[in-house]
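For the sequence shown, my numbering begins at 123 and goes up steadily by one. For every residue, glycine included, the Cβ atom is placed at its ideal position computed from N, Cα and C. What you are looking at is a predicted structure, and each value in this text was computed from that prediction instead of being measured.
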Amino acid sequence: MIEILTPTELLRAKDSGALVANILYTLRDRCTVGTNLLDINQWAKEMILEAGAQSCYVDYAPSFGRGPFGHYICTGVNDAVLHGKPHDYALADGDLLTLDLAVSLRGIAADSAISFIVGDSKPAESVAMIEVTERALRAGIAAARPGARIGDLSYAIGSVLTDAGYPVNVEFGGHGIGSTMHQDPHVPNMGRPGRGYKLRPGLLLALEPWVMADTAQLVTDADGWTLRSVTGCRTAHSEHTIAITSNGAEILTLPTLGN
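What follows is the structure, given as structure tokens:
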């Protein structure tokens, strides 16, 4: 299903996006050496419920997971890049942490992810990997406008990732979003320009470049959810929800709390 939102629904989408971003950046500021992933999940739950919103993850049970997910946020540490299931782990200095959050507010969902390094140690390779995913995300957003094709966005994202020397997995990528978290069209992180669905005003997309340092292959944890690099290398993930407008693309998942 591909949804085209009305102007009224787009206004609600902006509220959903701001909520997701504010929660993510509040959590980022709270995460220090010794913070437990289960505490992050609890904080996310409290902020979601306080806002009168609903988690898109708690009851999420797709075919590829051992669902339902049962938690309020995805927490990936180091080699865990997607669907990281919170568990009893205290963050260490230099850990690369990815927080991925999707929330529905007044019937419209928004989805975003950030990667950052915990503590004072800042491994140069990890910093570079995070920056590349952020740069690829900016490139994908810049390519998003009415009349563009999904392949144009995929090509823009993939060109940044491959030019930086990273292998690209195309099994998991961006997606449409609206009244539900995951919708068509699929937005791979590599593609051919001029191909695929033509973008229209009112379409919401969640673009999410992610990479693993030395592989494109994933392995699933025993928890049935957490996806890790098959080699154990570090990973990074950046994501925004955007709205296609008559003038281009508007980023919905930007914080409004002064972060």
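Report buried or exposed for residue i, applying the criterion of at least 16 other Cβ atoms within 10 angstroms of its Cβ.
i	result
residue 313	buried
residue 316	exposed
residue 171	exposed
residue 363	buried
residue 245	exposed
Can you tell me the Cα-Cα spacing of residue i and residue j, whole angstroms?
i	j	result
residue 239	residue 125	36 Å
residue 279	residue 285	10 Å
residue 162	residue 179	14 Å
residue 369	residue 277	21 Å
residue 352	residue 142	30 Å
residue 267	residue 156	43 Å
residue 271	residue 371	13 Å
residue 192	residue 303	16 Å
Below 6 Å, is the gap between the Cβ of residue i and the nearest heavy atom of the ligand HEM?
i	result
residue 356	With respect to the ligand HEM, the structure shown offers nothing to examine, as it has no ligands at all.
From what residue to what residue does the alpha helix (DSSP H) around residue i run?
i	result
residue 172	159-172
Please state whether DSSP places residue i in a helix, a strand or coil.
i	result
residue 278	helix
residue 251	helix
residue 129	helix
residue 361	strand
residue 330	coil
residue 256	helix
residue 146	helix
Could you check whether residue j and residue i sit closer than 7 Å to each other, using their CB atoms as the reference points?
i	j	result
residue 224	residue 233	yes
residue 220	residue 237	yes
residue 137	residue 227	yes
residue 377	residue 194	no
residue 365	residue 159	no
So the beta strand (DSSP E) residue i belongs to, where does it begin and stop?
i	result
residue 305	305-309
residue 372	370-373
residue 350	349-351
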